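Trainee: Can you keep this structure in mind? I'll have questions shortly.
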Amino acid sequence: MLLRHTPIEISARGALTINPAKTCQPVGAMYAALGIHKCLPHSHGSQGCCAYHRSALTRHYKDPVMATTSSFTEGASVFGGQANLLDSISNVFALYDPDVIAVHTTCLSEVIGDDMSQIIAKAEREGKIPRGKRVFHANTPSFKGSHVTGFANMVQGMVSACATRSEGPRRHVNLIPGFVEPSDMAEIRRIVEVMGVRHILFPDTSEVVNGPLTGKFRMYPRGGTTLADLTRSGDGLFTVGLGRAASTPAAKLLDTKCKVPCEVLELPIGVRATDAFVDTLRKVAGVHVPEALTVERGQTVDVMADMLQYFHGKTVALAGDPDHLLPLAQFLADLDMRVLYAVTGTPTGPRFERRMREVAGGDVVVRQGPGADLFLLHQLIKNRKPDLLFGNTYAKYIARDEGVPLLRMGFPIYDRVGHQYFPIVGYRGALRLLERMLNVILDQQDRDAPEESFELVM
Ligand code: SF4
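Per the working numbering, the sequence shown starts with residue -2, numbered consecutively.
What follows is the structure in structure tokens.
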């Protein structure tokens, strides 16, 4: 009983969050920056923040995550971090030779009020940024938003600093994948390639945080969107953003800055959301859906039909990022499952709640923002236990105490491997989700079954 003090009675809390269902903005900003080839994320704050963000990403991906820091001490904390950042930019280019430095702020530099645009412009004027190299930034105050907000802000910062419109032809589709695993980014790219659509995917962390073991150290792995492609995103025919919370700001900025029209869709989790993604690509790029994708879809629907007998009527609790939860809830509804609770620490606004009720039914309990924490989710579960729980590693304490099978999804996952390599997006990702869901439900059934009901064939 690790969480033995969680009371069953739910009382209103105004100014207290216990076990938040989110992490801090710079984690998302750092992750987004890693999706640019030869980009070194830089944390403008104290060393402790940077160490935490790096370790969160390293533990999740099981690959070393490199980032530098402005290393604030008492002086910078009182007088501002301009001198630290100017020195950092010179040192980082001299020592590590990245193509790009992606600077994100922390709570401390935000409270001080460091003007990042002004400091980076000063570095440019003083010749601290070598020719052909770039420094861009995102403001990521962690006392609001979440890791998803930080990701969105950094991707918007990329567009703001790099996307340029030229007079050249507009042939490619920009894809903004949202805060998903590198395996999901690779799967999104595969679907687009199978459809024969010219594209630029940014950011792209595949083969950056899930690279191969080669025996040689590479400061900058092979993957990542190149600076040249990021610049060319301004010449796109159309932008498809995936996940409203993580992709909308960048997609909209590409529209206003470079006149690239955009549509922001749900993450392609489950069959319906993948259908919407494929159909949008088909329309904007003027291509046909190839037979190979139709077969993948058909196989997934076949497995859904086969498994419906196990899923029908099962109840589910969800904790995670809003961009994951909405299409997942739709997928679960399509399997005749019933979502009881949907909890996200990311502030989302009323649309999320409205959509969740449309998808999961009017009875679903939806909580979002700072007060929507895992403590509350545990209380809800104590009041009515679901058959299945979706959540990150922190949800394992609830799962253990309440005896609910847990399917790990989202960020962070510190205690399992596989999420980096096996996608949950697209038809193939849906197939994997189905397999994992059935396994955790039937494993639990096998474990709890009395001897006379312990079945060979299920
Ligand atoms: S919440 Fe603020 S102070 Fe804490 S690690 Fe994140 S940026 Fe640093």
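Where is the CB? At the ideal position from N, CA and C, for every residue including glycine. Source: prediction; values computed, not measured.
1. One question on the structure: do Ala30 and Met151 come within less than 8 Å of each other, judged by their Cβ atoms?
2. What are the partner residues of Cys259, as DSSP defines its beta bridges?
3. Between the alpha carbons of Gly423 and Val275, how many angstroms are there, rounded?
4. Following the continuous alpha helix (DSSP H) through Leu13, name the residue where it begins and the one where it ends.
5. Relative to the alpha-carbon of Glu107, which residue among Ser139, Leu325, Pro383 and Pro127 has its alpha-carbon at the smallest distance?
6. Quick one: what's Ser40 bridged to in DSSP?
7. In terms of residues, what are the limits of the alpha helix (DSSP H) holding His285?
8. Consider the C-beta atom of Thr343 and the heavy atoms of the ligand SF4; say whether any pair is separated by less than 7 Å.
9. Per DSSP, what kind of secondary structure is Arg335 in: helix, strand or coil?
10. Relative to the alpha-carbon of Gly175, which residue among Thr245, Thr345, Gln22 and Lys35 has its alpha-carbon at the smallest distance?
11. Do the segment 5 to 12 and the segment 105 to 124 touch if we need at least three Cβ pairs shorter than 8 Å?
12. Which residues in the same chain as Ser203 place their Cβ atom closer than 6 Å to its Cβ, once the five residues preceding and following it in sequence are excluded?
13. Give, in chain order, every unbroken run of the alpha helix (DSSP H) that is at least 4 residues long and sits entirely within the segment 149 to 236.
14. Count the other CB atoms, across all protein chains shown, that sit within 10 Å of the CB of Met216; report buried if there are 16 or more and exposed otherwise.
15. For Gly388, report the span of its beta strand (DSSP E) as first-last.
16. Where are the beta strand (DSSP E) runs, 3 residues long or more, that stay fully inside the segment 344 to 384, in chain order?
17. When every heavy atom of the ligand SF4 is checked, does at least one fall within less than 7 Å of the C-beta of Pro23?
18. Would you tell me roughly how many angstroms separate the C-alpha atoms of Lys456 and Ala392, rounded to the nearest one?
19. For the candidate residues Thr390, Ala369, Leu337 and Leu0, whose alpha-carbon lies nearest to that of Val356?
20. Residues in its own chain within less than 7 Å of His309 by CB, not counting five upstream and five downstream?
21. Could you tell me the alpha carbon to alpha carbon distance between Gly142 and Thr223, rounded to whole angstroms?
Mentor: With the structure as the only source:
1. Residue mapping note: residue 30 aligns to position 33 of the sequence shown, counting from 1. Residue mapping note: residue 151 aligns to position 154 of the sequence shown, counting from 1. Yes; because the gap between Cβ atoms is below 8 Å, this pair is in contact.
2. Your numbering for residue 259 matches position 262 in the sequence shown. Beta-bridge pairing links Cys259 to Thr236.
3. Position 426 of the sequence shown holds residue 423. Position 278 of the sequence shown holds residue 275. Each residue's alpha carbon lies about 9 Å from the other.
4. On the sequence shown, position 16 is the one that residue 13 refers to. Element bounds for Leu13: n/a, residue is neither H nor E.
5. Taking the sequence shown and counting its residues from 1, one reaches residue 107 at position 110. The shortest C-alpha to C-alpha distance from Glu107 to any of Ser139, Leu325, Pro383 and Pro127 is the one to Ser139.
6. Along the sequence shown, read from residue 1 onward, the residue named residue 40 stands at position 43. Its beta-bridge partners are Thr66 and His101.
7. The count along the sequence shown starts at 1 and reaches residue 285 at position 288. From DSSP, His285 is part of no alpha helix (DSSP H); its letter is neither H nor E.
8. Taking the sequence shown and counting its residues from 1, the one referred to as residue 343 is at position 346. It does not: the Cβ of Thr343 is nowhere closer than 7 Å to a heavy atom of the ligand SF4.
9. Taking the sequence shown and counting its residues from 1, one reaches residue 335 at position 338. If DSSP states are grouped into helix, strand and coil, Arg335 belongs with the strands.
10. If you number the sequence shown from 1, residue 175 lands on position 178. Answer by Cα proximity: Thr245.
11. Cβ pair count under 8 Å is below three, so no.
12. Mapped onto the sequence shown, residue 203 falls at position 206. For Ser203, where only same-chain residues beyond five positions count, the Cβ hits under 6 Å are Pro179, Met182, Ala183 and Gly220.
13. 179 to 191 and 224 to 229
14. To locate residue 216, count along the sequence shown from 1; it is residue 219. When all chains shown are included, Met216 counts as exposed.
15. Residue numbering aside, residue 388 sits at position 391 when the sequence shown is read from its first letter. Run containing Gly388: Leu385 to Gly388, per the beta strand (DSSP E) assignment.
16. 362 to 365
17. Within the sequence shown, numbered from 1, the residue matching residue 23 stands at position 26. Flag set: Cβ of Pro23 near the ligand SF4.
18. The first residue shown for the chain is -2 and the last is 455, placing residue 456 beyond what the model contains.
19. The sequence position of residue 356 within the sequence shown is 359, counting from 1. Closest option to Val356, Cα to Cα, is Leu337.
20. To locate residue 309, count along the sequence shown from 1; it is residue 312. Asp333.
21. As a first step, residue 142 is located in the sequence shown; it is residue number 145 there, counting from the start. As a first step, residue 223 is located in the sequence shown; it is residue number 226 there, counting from the start. Rounded to whole angstroms, Gly142 to Thr223 spans 28 Å at the Cα level.
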